[in-house]
């Protein structure tokens, strides 16, 4: 019989977060290792079985009993090696498959919270991928599991009769000990310590790029900041001089930086600290972390030394009280859950010691362990748990920082700027530990000159610059952009007075043609590519960006690649307009045109995607953004939706938008759900598109609909679906031009046509937003050419001059 057992407090929090965010991978831990030795798969399977005896909570499911989350033991045989022979895929394709494994959610009630996968290029070249839900593991646990798996494998190779190691105590005993502590006078004293520490202090919170949603989607990304080669040794020497730990020194610098950006006095942030405080727990796999809360108060006369030494005292006192789960007090008056976290990984203390990749890379240096050639695959994971989590990696003299952040709150460029400020501030501290933090500038000479143009006094640590890069009170409208790519987004929302006269509705158009590349796809291109450039995954002069597009995304990518000096190959098809091809040529893109459709479907897209795979496989240092599956595509449109809500000073009742990759649909709908808003999202698809179950049919106009169902598709994101044919697209474009003098693209015409069709069904006095994806200048030879329209549809007889049928009935 599967008897339920109670959970630790931290596990209960993980269960609740999983219930609130079942689609989030923020709490999935990834440990990926490249093995360049041939593995004996039957022996590895036995090593896995031994591992599950030693760490039995990996074989679990979780569910509620009488409203209380509990653990149920699972037959260990249910956890098997997932062996996938992926063949001679490129490095990028291999890493993409590893990332896909890390993004898979765990159904905790029905499956184990631990998976082990082997992605085999050849028998002697394998990616060993371990993924855990945080409910059964932490940073130390994933290293222990890899070590014990490899140790067991080596032991079984040497002695096939060896038995599994059985621990003296397990995670159940840890849970019992925590329960006993909470019921004891010692636990009460710990609780009083933490509550007193939080009294009168604010939860440290950075200014954000976008309003905070009512309910976070726990969607994140990462930004890696490399530090100078000697930074690690400099930190160690400075810590020895102050008689503090390297962690305390780095935490003190981070606190100064947070103070600079907030200007607040008494603040609290979290340090995720291991609760392995006894010999029995040091080798234990499970959730054994508690947020160690650190309070800091920095004045204008404070020095780095004073801040760092206070941080050291806070850490030592906090560790003496770490057994008390501080999340128990979250939600009490004045005790908000932490928004910022700071952690340190001492990489050289882990076994096997697998160094992280050099800055900008994915593969770490190769090491030998138990006769195996191993390399760390350093890919992002656990993103979006906090507003911002700074993970410092210290490995000998090597020092780097990964900033994991919530994409609903911050842009990548904002976090990169914050990370650069941390690196600069650390250098300043190491140069003069006795310097007053109030006199330290966070900006370099060029930034100081830029800010001087605003007439503001030059900001120092005491004169907190804003996180977005503008001084307080100054926004983009008052400053020149720092480059053309900075102009992406913040497109105008305009009131339409003539489209539905006398309807009683407030109708607005979001003009995405105002982006510098001319379409909404600039947002997706920037989201998918700029972060890769800043992380060093895409490098000027070496990398080659390869993507399939009917036009607009290609133009967005071509502009970014031209700006950064990166080679770009674009695969288009015969439906791509001559105007778009000319733009791509002007940007210097290399263009491949698919002229023959797929034999089975009659569509070009399957052929384009096959050609992309061929190019990526044959091109060194290729990078494919993969707009049809990349979650950064929809992530870009949280900002799109936020701009609409901000401009309206509230939510629209209806949002009409066109679909192709479905990134816009998914991103806008996700943002609305996260805010608890009830906007009706109308997805406008093409007749002949297979996105929402219609049979395929030939379509004339590009950029609207799709001949495949992309991985990004979430049909439930749409409140309603409307299918529009090519003729209606033309009529919608021309009606918009005639009524509002807006020259819009084909998919925008589809949006207008769909809205016209539903106008009679809309609730009275509604606020309606039409998301217009691009401009009509790229359709002058088709949609706006009378000759082309005559050839395709015959004489339309000025049908676009007539009001919508439903509106005509309402107003007669």
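In the working numbering, the protein residues as written are 1 to 812. Every residue gets a Cβ at the ideal spot worked out from N, C-alpha and C, and that includes glycine. Computed from a predicted structure; not experimentally measured.
- Separation of the CB atoms of residue 99 and residue 222 is rounded to 11 angstroms, and the pair is thereby denied contact status at 8 angstroms.
- Inter-segment contact for the segment 534-552 and the segment 625-633 is present: three or more beta-carbon pairs are separated by less than 8 angstroms.
- DSSP places residue 35 in the strand class (E or B) of the three-state scheme.
- Less than 8 angstroms separates the beta-carbon of residue 707 from that of residue 606.
- By the neighbour-count criterion, in which a residue is buried when 16 or more other Cβ atoms sit within 10 angstroms of its Cβ, residue 542 is exposed.
- If you look at residue 121, you'll find it in the beta strand (DSSP E) that goes 114-122.
- For residue 721, there is no enclosing alpha helix (DSSP H); the enclosing beta strand (DSSP E) covers residues 720-724.
- Exclusion of the five residues before and after residue 567 leaves 543, 544, 545, 561 and 590 as the residues of its chain whose Cβ lies within less than 8 angstroms of its Cβ.
- Between residue 117 and residue 84, the CB-CB gap stays under 8 angstroms.
- Residue 185: not part of any beta strand (DSSP E); member of the alpha helix (DSSP H) spanning 185-198, first to last residue.
- Per the DSSP secondary-structure output, residue 69 pairs in a beta bridge with 64.
- Cβ neighbours of residue 258 within its own chain (closer than 6 angstroms, five residues either side excluded): 204.
- Rounded to the nearest angstrom, the Cβ distance from residue 744 to residue 772 is 5 angstroms, consistent with a contact under 8 angstroms.
- Rounded to whole angstroms, residue 236 and residue 594 show a C-alpha spacing of 58 angstroms.
- In the pairwise beta carbon analysis, the segment 20-36 is classified as touching the segment 362-379: at least three pairs are separated by under 8 angstroms.
- The three-state secondary structure of residue 262, taken from DSSP, is helix.
- Each of 207, 358, 516 and 766 was checked against the Cα of residue 679, and the nearest Cα belongs to 766.
- Only buried fits residue 268, as 16 or more other CB atoms lie within 10 angstroms of its CB.
- With 16 or more other Cβ atoms from the protein chains shown falling within 10 Å of its own Cβ, residue 512 counts as buried.
- Residue 756 is positioned such that its CB atom lies no closer than 8 angstroms to that of residue 696.
- The bridge partners DSSP lists for residue 775 are 744.
- Rounded to whole angstroms, residue 81 and residue 232 show a C-alpha spacing of 38 angstroms.
- In the three-state scheme derived from DSSP, where H, G and I count as helix and E and B as strand, residue 575 is classed as coil.
- With respect to residue 674, residue 216 sits close: the two C-beta atoms are nearer than 8 angstroms.
- One Cα belongs to residue 790, the other to residue 580, and the distance between them is close to 22 angstroms.
- At a cut-off of 4 residues, the continuous stretches assigned as alpha helix (DSSP H) that sit fully inside the segment 287-327 are 304-320.
- Short of 7 angstroms from the beta carbon of residue 578, and not among the five residues preceding or following it, lie these beta carbons of its own chain, in chain order: 781.
- Here DSSP, grouped into helix, strand and coil, assigns residue 281 to coil.
- Note that the C-beta distance between residue 494 and residue 653 is not below 8 angstroms.
- By the criterion of a C-beta distance shorter than 7 angstroms, residue 43 is surrounded in its chain by 153, 156 and 157, once the five residues flanking it on both sides are discounted.
- Closest in alpha carbon position to residue 586, among 261, 598, 556 and 167, is 556.
- For residue 419, the closest C-alpha among the options 296, 250 and 576 is that of 250.
- Partner residues in a beta bridge of residue 614, as assigned by DSSP, do not exist.
- Each residue's CA atom was taken as its position, placing residue 758 and residue 723 some 12 angstroms apart.
- Taken through DSSP and simplified to helix, strand or coil, residue 98 comes out as helix.
- Taking residue 12 as reference, the option from 183, 328, 164 and 226 with the minimal CA-CA separation is 328.
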